[in-house]
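Just below is one structure, and these are the notes that go with it.
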Amino acid sequence: MKKNLLSISLLGFTVIQAFAQTYISGNVSGTWNLAGSPYVIIANDTVPDGQTLVIDAGVTVKFALGVNMYVAGTLTANGNATDSIRLTTAEPSPTPGQWGAINFSSDINRPLSVLQYVILQYGGANYNPVLQSFMNTHLEHSLIEHNATGIILYAGGDESEIALKHCLIRYNDNYGLIGRSLTVYDVEFISNTGLYAGIAGSHTTFRNCLFSQNSPMAYILFDSNTHTSFINCLIENNTAGVGSCYVDDTLNVDSCIIRGNSGPGINGNAIYNKGTLLVTHCVIYNNTGDGITNPDHGSVIERNTIDGNAGGITNIESNSSMILRNNIISNNTGSGFQTVVSTAPQLKFNNVYNNVPDFSGFSVFYGDTTLSTNNNGVPSDLYKNIRRNPWYVNSSSGDYHLQVNSPCIDAGDLTLSDPDGSISDIGAFYFPLPVQVNENNSENTFSLFPNPFSTQTILQTDKVFTNAILTLYNSLGQQVKQIKNISGQTITLFRDNLTSGLYFLRLTQDNKVITTDKLIISD
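Shown next, in the form of structure tokens:
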């Protein structure tokens with residue numbers, strides 16, 4: 002999932018070195034511009050309360066060994082896509098942790114500081130965070146790399162505030178990010194050691210983010226009463242996926258792809274106690290560990306596809322307060338569903354297929370498909386669980402959509418419905434009913450292929466439409482693309498500059514909705 006961040010790798014960070022060199026210490030304010038660059042901070046300096054320091058695009062700021070900047074006033078870093086600002090070490094041979102940190106005052110009256118297109122590197126001396134702010138600081142389009150310790154960023158209690166966006170955080174020791182009460186949007190976390198949602202009471206949301214090659218986990222809830230959400234994220238190739246630590250933690254994972262991790266995809270008991278897992282519309286596949294492990298009381302795990310892992314959903318330790326339904330658990334080398342308690346929760350409307358075994362620790366009535374049939378007439382156990390090949394479109398390429406003949410279609414919980422109004426399907430992706438427009442007793446059927454796609458996809462119908470409008474929305478419900486005046490039977494939808502992720506498509510004609518569908522853009 003490469004992010005179009007004005008991507009760090011694509012940002013083309015360019016730092017113009019001037020011939021001047023300005024030495025700095027003590028109180029600072031005003032403007033640092035190219036004429037004085039590089040600015041060398043030789044002793045701790047402070048932006049005093051009520052004053053502002055502006056750093057212009059292209060400026061380099063070098064910090065001597067162990068030196069810090071303290072911001073009681075306002076710090077504004079005005080880099081841009083072609084001319085970034087570099088905050089780095091003054092040492093000729095850079096290594097992580099040579100200089101200290103940028104510490105922002107926790108005064109609730111401190112004005113907002115915004116840092117844009119900044120490269121922040123080789124800081125974090127004595128394993129202190131290279132940047133620490135408890136409120137009123139935004140970091141955008143920036144690169145945080147090669148620090149002994151990453152950043153601490155809190156949004157002062159409002160998790161709706163997007164305080165960190167369009168950034169790349171990579172190659173940091175100790176941790177890449179400790180976040181509290183903020184929204185992190187479109188950020189890549191790569192090869193960091195430790196990523197945490199810290200401090201009790203934290204509510205942090207990650208949207209459209211990538212977590213790759215991090216250890217010991219992609220991200221971990223590391224304090225009690227912590228609620229963290231991952232929405233439309235790609236979590237891949239980490240030592241382990243995401244997890245919680247305490248019994249009163251809540252880990253919400255929605256519409257994510259979790260794959261190729263060396264440990265479990267989602268762990269409700271990463272260190273101390275089991276927390277509550279809310280997992281829906283996720284595809285969890287090809288992890289060396291279990292897909293989901295250690296869910297506890299109050300967990301809701303529904304509408305997921307869990308395939309090709311060491312196990313499906315394991316170490317289930319709860320009772321009827323847990324909801325486990327509408328999941329496809331398939332082709333895992335260990336147990337599909339496995340419990341460690343005698344009063345196990347009820348499993349219903351799942352497709353449990355080709356696991357070793359499908360059920361472990363549950364009543365013998367689970368999985369006995371001679372006892373009943375489901376709403377489609379397919380043999381099922383008493384709880385409407387079936388054991389059939391789900392017929393994925395192409396699981397070897399990561400496409401876990403359902404083929405038209407899948408037994409999972411309309412086989413889910415009858416109290417749930419899919420976006421097209423039909424009975425819920427089993428699995429992460431629903432199979433949309435063909436939209437039919439009756440005219441002269443003929444039917445109009447639509448198809449979208451390929452889906453997922455990386456460059457382009459084709460929407461095709463067997464009947465001509467005229468002056469139709471195709472609109473694409475992101476996972477936040479925001480319109481990101483629209484094609485008007487479409488006529489014919491085929492629409493080619495090009496990716497253009499859209500980032501990887503989940504999108505929603507709507508085709509209208511004469512102010513009437515003809516069809517809607519989900520589509521996924523992948524790299």
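Count along the sequence shown from 1, then add 1; that gives the number in my numbering. Each residue gets a CB set at the ideal place from its N, CA and C atoms; glycine is no exception.
Gly362 and Asn333: beta carbons closer than 8 Å? no
Measuring CA to CA, which of Thr227, Ser182, Gln483, Gly242 is closest to Phe190? Gly242
Contact belief for Arg496 with Gln457 at Cβ below 8 Å, rounded distance in angstroms: Contact between Arg496 and Gln457 holds, with the beta-carbon distance rounding to 6 Å and staying under 8 Å.
Taking 6 Å as the limit between beta carbons, can you name the residues of its chain near Ala65, skipping five residues before and five after? Ile43, Ala91
Tell me, please, which residues DSSP counts as bridged to Val185. Within the DSSP secondary-structure output, Val185 pairs in a beta bridge with Leu165, Phe207.
Nearest CA to the CA of Cys234: which residue from Ser213, Pro217, Asp50? Ser213
Which value, in whole angstroms, describes the spacing of the CA atoms of Asn386 and Ser448? 29 Å
Identify whether Tyr474 lies in helix, strand or coil by the three-state DSSP scheme. strand
Identify which residue in Ile259, Asn375, Lys513 has its Cα closest to the Cα of Lys349. Asn375
In or out: Gly80 buried (at least 16 other Cβ within 10 Å) or exposed? With 16 or more other Cβ atoms within 10 Å, it is buried.
Looking at Glu141 and Asn1, is the spacing between their C-beta atoms short of 8 Å? Given that the chain is displayed from residue 2 to residue 524, the structure contains no residue 1 and the question cannot be resolved.
Whose CA, out of Ser106, Leu169, Tyr123, lies closest to the CA of Pro95? Tyr123
Distance between Met323 and Ala429 (C-alpha atoms, nearest Å): 19 Å
Quick check: what's the CA-CA separation for Thr277 versus Ile293? Cα to Cα, the separation comes out at about 12 Å.
In three-state terms, what does DSSP make of Tyr431? coil
Distance between beta carbons of Ser501 and Ile522, contact taken as under 8 Å: 5 Å
Using the three-state DSSP reduction, which class does Val438 fall into: helix, strand or coil? Low confidence applies to Val438: its pLDDT is 35, below 50, so where it sits in the model is not reliable enough to give any reading.
Whole angstroms is fine: what's the gap from Thr472's alpha carbon to Asn69's? 49 Å
Measuring straight from C-alpha to C-alpha, what distance separates Ile205 and Tyr155? Looking at the sequence provided, one finds Thr at residue 205 rather than Ile. Cα-Cα distance, rounded: 9 Å.
Give me the Cα-Cα distance between Leu113 and Ser134, rounded to the nearest whole angstrom. Using only the alpha carbons, I get a separation of about 11 Å.
Which residues in the same chain as Leu520 place their Cβ atom closer than 6 Å to its Cβ, once the five residues preceding and following it in sequence are excluded? Asn452, Tyr504, Leu506
Measure the Cβ-Cβ separation of Gly74 and Gln52 and say whether it is below 8 Å. yes
Between the CA atoms of His402 and Val394 - distance to the nearest angstrom: 6 Å
Could you tell me the boundaries of the beta strand (DSSP E) in which Ile259 lies? 258-260
Please state the DSSP three-state secondary structure of Asn486. DSSP places Asn486 in strand when its eight states are reduced to three.
Asn79 in three-state terms, based on DSSP: strand
CA-to-CA distance, Ile459 to Thr493, given in whole angstroms: 5 Å
Can you tell me which of Leu35, Asn28, Leu54 puts its alpha carbon nearest to the alpha carbon of Asn45? Asn28
Out of Asp400, Ile484, Leu417, which one is the CA nearest neighbour of Phe454? Asp400
Given Pro358 as reference, the closest of Asn310, Ser398, Gly101 once Cα atoms are compared: Of the candidates Asn310, Ser398, Gly101, the one whose C-alpha sits nearest the C-alpha of Pro358 is Asn310.
Going by other Cβ atoms of all chains shown within 10 Å of its Cβ, with 16 needed for buried, is Lys63 buried or exposed? buried
Can you list, in chain order, the residues of its chain with a C-beta nearer than 6 Å to that of Arg171? Leave out the 5 residues immediately preceding and following it. Its chain contains Glu146, Ile191, Ser192 as the residues whose beta carbon lies nearer than 6 Å to that of Arg171, once the 5 sequence neighbours on both sides are disregarded; these appear in chain order.
Here's the rule I'm using: 16 or more other beta-carbon atoms within 10 Å means buried, otherwise exposed. How should Asp511 be labelled? exposed
Leu508, buried or exposed, once every other Cβ within 10 Å from all chains shown has been counted against 16: buried
From this set, Ile25, His167, Thr306, Pro408, which residue's C-alpha is nearest Ala82's C-alpha? His167
Endpoints, beta strand (DSSP E) assigned at Gly292: 291-294
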